[in-house]
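Quick note: the sequence shown uses the working numbering, first residue 7, plus one each step. Heads up, the beta-carbon is just placed ideally off N, CA and C, and yes, glycines get one too. Heads up: the structure comes next, in structure tokens.
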Amino acid sequence: MEFWLDLNDEQTELRDWVHGFAESVVRPAAAEWDEREETPWPILQEAAKIGLYGFEFLANTWSDQSGLSLPITNEELFWGDGGIGMAISGTSLAVAAIYGSGTPDQMVEWIPQCFGDAADPKVAAFCSTEPEAGSDVASMRTRAVYHEATDEWVLSGQKAYATNGGIAEIHVVTASVDPSLGSRGQAAFVVPPGTKGLAGTRKLKKLGLRASHTADVFLDDVRVPGSCLLGGKEALDKRLARAREGQRRSGQAAMRTFELSRPAVGAQALGIARAAYEYALEYAKNRVQFGRPIIENQAIAFALADMRTEIDAARLLVWRAAWMGRNDKPFAAGEGSMSKLKAGEVAVAVTEKAVQILGGAGYLREHPVERMYRDAKIYTIFEGTSEIQRLVIARAVSGVQIR
Ligand SMILES: Cc1cc2nc3c(=O)[nH]c(=O)nc-3n(C[C@H](O)[C@H](O)[C@H](O)COP(=O)(O)OP(=O)(O)OC[C@H]3O[C@@H](n4cnc5c(N)ncnc54)[C@H](O)[C@@H]3O)c2cc1C
């Protein structure tokens with residue numbers, strides 16, 4: 007069996023195409039949208055127009071048997087800018103939930119609607135986190151109650167920190183159907199456009215990723231048709247019956263859903279880290295102190311050597327996990343979590359070092375490393391904090407239910 011790490015022609019073309027968009031459209035607009043703290047709709051429209059945002063593009067990246075197309079795309083896009091990158095990528099969280107839990111009919115109906123079309127792009131939101139249920143997903147309080155007479159589900163509760171919450175065409179909302187079963191009593195629902203009772207009125211002001219909209223979402227007797235339960239009622243009833251009988255859902259199956267999405271998130275962090283490293287490298291070659299470029303000091307050159315080494319190490323973990331996911335390899339040691347953990351921590355460390363290498367200039371908004379430093383921090387927090395990633399890895403490698 008051959009082994010190689012070269013990208014094939016299609017992947018190279020994809021990387022260069024996304025990089026071109028990131029360089030010519032995203033990067034020049036990054037500071038403006040960071041200041042405005044708004045979704046950059048004109049850039050989303052541009053991405054949709056050229057085919058970089060939409061159902062077809064996502065389907066194409068998913069079809070790559072190596073699994074690398076999605077991480078390659080994310081790294082380049084987020085190299086352009088983290089906030090705008092998330093404004094473009096945030097929809098994929100909802101899409102992944104529909105893809106992961108929906109029936110084939112539900113996928114065909116809802117996934118294209120998440121993106122809208124090239125002339126009128128839309129965004130989607132995945133609303134799972136709650137004020138009292140962050141890392142501890144099992145303590146979710148949002149309730150979903152079934153009304154048999156009308157074949158409707160009624161959702162009530164509050165969701166926190168939802169990317170695209172309130173501005174989305176489609177909201178995917180998780181809720182507890184049977185609180186006594188903890189996380190095994192939960193289900194996910196599509197809330198179609200224009201549904202009464204859903205409001206994302208509290209927009210949140212953030213440290214970074216400020217071009218990406220984040221909001222608390224309130225659900226006040228939100229009524230959705232029975233067909234909006236992802237996976238369908240029959241499958242849910244069977245799952246609940248198994249849980250009530252005390253049968254556990256396979257730990258592997260539950261873990262795998264998260265493990266699959268983590269390398270794509272790690273690749274986003276990687277893009278921000280690489281952007282900061284490249285900027286600091288150029289700066290260090292040009293900035294003269296004590297009569298010589300600062301890169302001639304080992305303290306600076308070695309820092310850059312470490313930054314590059316860590317970025318490359320993180321990329322290898324991201325690519326490995328993406329390849330494993332696409333080729334149905336078991337994540338026996340939490341390799342998906344490893345990739346997100348490493349890339350997130352590397353992004354924080356590398357952007358901090360980049361600020362240091364620029365000195366006072368690095369602290370100013372005139373240079374992008376200041377924004378990259380703020381943007382990077384989210385990668386040790388969302389999609390499972392670094393501590394939760396370590397928990398997953400530790401449990402996987404030890405077989406012990408570590409707390
Ligand atoms: C910008 C942004 C966008 C987001 N987008 C979305 C979104 O689109 N959809 C969505 O559903 N959510 C979203 N989130 C929510 C995000 O996933 C959560 O913030 C995250 O999961 C952590 O939950 P928490 O904030 O409640 O922290 P907590 O769970 O309260 O954790 C606080 C601290 O305690 C630590 N901790 C908790 N439990 C343990 C443990 N057992 N062992 C060790 N340490 C522990 C954590 O690691 C963390 O350091 C977003 C958040 C932000 C900031």
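For residue j and residue i, the rounded distance between their alpha carbons
{"i": "S186", "j": "H177", "result": "25 Å"}
{"i": "I117", "j": "R326", "result": "27 Å"}
{"i": "L99", "j": "P299", "result": "44 Å"}
{"i": "I394", "j": "G340", "result": "11 Å"}
{"i": "R245", "j": "L266", "result": "22 Å"}
{"i": "L322", "j": "D157", "result": "48 Å"}
{"i": "L210", "j": "F9", "result": "46 Å"}
{"i": "A247", "j": "R190", "result": "10 Å"}
{"i": "E351", "j": "T135", "result": "22 Å"}
{"i": "T207", "j": "F224", "result": "8 Å"}
{"i": "N170", "j": "S95", "result": "10 Å"}
{"i": "R21", "j": "G86", "result": "12 Å"}
{"i": "R262", "j": "G390", "result": "14 Å"}
{"i": "A65", "j": "Q295", "result": "51 Å"}
{"i": "E175", "j": "G122", "result": "8 Å"}
{"i": "A205", "j": "V361", "result": "39 Å"}
{"i": "S30", "j": "E52", "result": "12 Å"}
{"i": "K202", "j": "V101", "result": "22 Å"}
{"i": "D318", "j": "R147", "result": "41 Å"}
{"i": "E41", "j": "Y283", "result": "23 Å"}
{"i": "W68", "j": "E316", "result": "27 Å"}
{"i": "E302", "j": "Y369", "result": "22 Å"}
{"i": "K239", "j": "Q119", "result": "22 Å"}
{"i": "G60", "j": "G297", "result": "52 Å"}
{"i": "L213", "j": "T97", "result": "21 Å"}
{"i": "V196", "j": "R409", "result": "33 Å"}
{"i": "A155", "j": "Q192", "result": "22 Å"}
{"i": "R268", "j": "M344", "result": "9 Å"}
{"i": "F264", "j": "N292", "result": "43 Å"}
{"i": "E38", "j": "H373", "result": "13 Å"}
{"i": "A139", "j": "E43", "result": "26 Å"}
{"i": "R371", "j": "P46", "result": "19 Å"}
{"i": "A166", "j": "V179", "result": "11 Å"}
{"i": "L58", "j": "V24", "result": "8 Å"}
{"i": "L364", "j": "T386", "result": "24 Å"}
Opposing strand residues paired with residue i [DSSP bridges]
{"i": "P410", "result": "The structure shown has nothing for residue 410, since the chain only spans 7 to 409."}
{"i": "F224", "result": "Q164 and A205"}
{"i": "S182", "result": "R149 and Q192"}
{"i": "V197", "result": "H177"}
{"i": "W159", "result": "Y152 and V230"}
{"i": "T169", "result": "T220"}
{"i": "E136", "result": "A139"}
Residue i versus the options, residue with shortest Cα-Cα distance
{"i": "M1", "options": "G340, N303 and A281", "result": "This structure leaves residue 1 out entirely; the chain is present only between 7 and 409."}
{"i": "S145", "options": "Q164, V160, G203 and F388", "result": "Q164"}
{"i": "A338", "options": "K348, R401 and L310", "result": "R401"}
{"i": "V151", "options": "P231, G108 and Y105", "result": "P231"}
{"i": "L236", "options": "R332, E389, V398 and V183", "result": "V183"}
{"i": "T220", "options": "G252, V129, H153 and G200", "result": "V129"}
{"i": "F84", "options": "M378, T386, Y59 and I387", "result": "M378"}
{"i": "A124", "options": "G89, E62, R147 and R149", "result": "E62"}
{"i": "D222", "options": "S343, G60 and F132", "result": "F132"}
{"i": "A382", "options": "P336, G89, V403 and I363", "result": "G89"}
{"i": "L397", "options": "S141, A290 and L58", "result": "S141"}
{"i": "P199", "options": "A181, L213 and G172", "result": "G172"}
{"i": "L13", "options": "I399, G73 and D334", "result": "G73"}
{"i": "L278", "options": "T79, G405, L11 and Y59", "result": "Note that residue 278 is Ile in the sequence shown, not Leu. It is T79."}
{"i": "G26", "options": "E44, W39, I56 and P46", "result": "I56"}
{"i": "A307", "options": "L287, D334 and N292", "result": "L287"}
{"i": "H153", "options": "S233, G188 and S218", "result": "S233"}
{"i": "G252", "options": "I387, G188 and P48", "result": "G188"}
{"i": "A305", "options": "G331, L11 and K359", "result": "K359"}
{"i": "A367", "options": "Y285, F388, P34 and D227", "result": "Y285"}
{"i": "S162", "options": "D227, Q17 and G405", "result": "D227"}
{"i": "V403", "options": "V375, V143 and P336", "result": "P336"}
Contact belief for residue i with residue j at Cβ below 8 Å, rounded distance in angstroms
{"i": "A353", "j": "A275", "result": "4 Å"}
{"i": "A194", "j": "A103", "result": "6 Å"}
{"i": "A349", "j": "V324", "result": "6 Å"}
{"i": "M113", "j": "Y105", "result": "6 Å"}
{"i": "L76", "j": "A328", "result": "7 Å"}
{"i": "E19", "j": "A273", "result": "Not confirmed; about 18 Å, so no contact."}
{"i": "R149", "j": "A181", "result": "6 Å"}
{"i": "V160", "j": "R250", "result": "Not confirmed; about 22 Å, so no contact."}
{"i": "P127", "j": "A54", "result": "4 Å"}
Any C-beta of chain D under 7 Å from that of residue i
{"i": "F195", "result": "The structure shown contains no chain D; it holds only a single protein chain."}
In the region 67-114, which residue ranges form an unbroken beta strand (DSSP E) of at least 3 residues, counting only runs that do not cross its ends? If we require 3 residues or more, the region 67-114 turns out to have no beta strand (DSSP E) run fully inside it.
Just list the alpha helix (DSSP H) runs in the region 230-303, keeping only unbroken ones of 4 residues or longer that don't cross its boundaries, in chain order. If one requires a minimum length of 4 residues, the alpha helix (DSSP H) runs lying completely within the region 230-303 are 239-250 and 257-292, in chain order.
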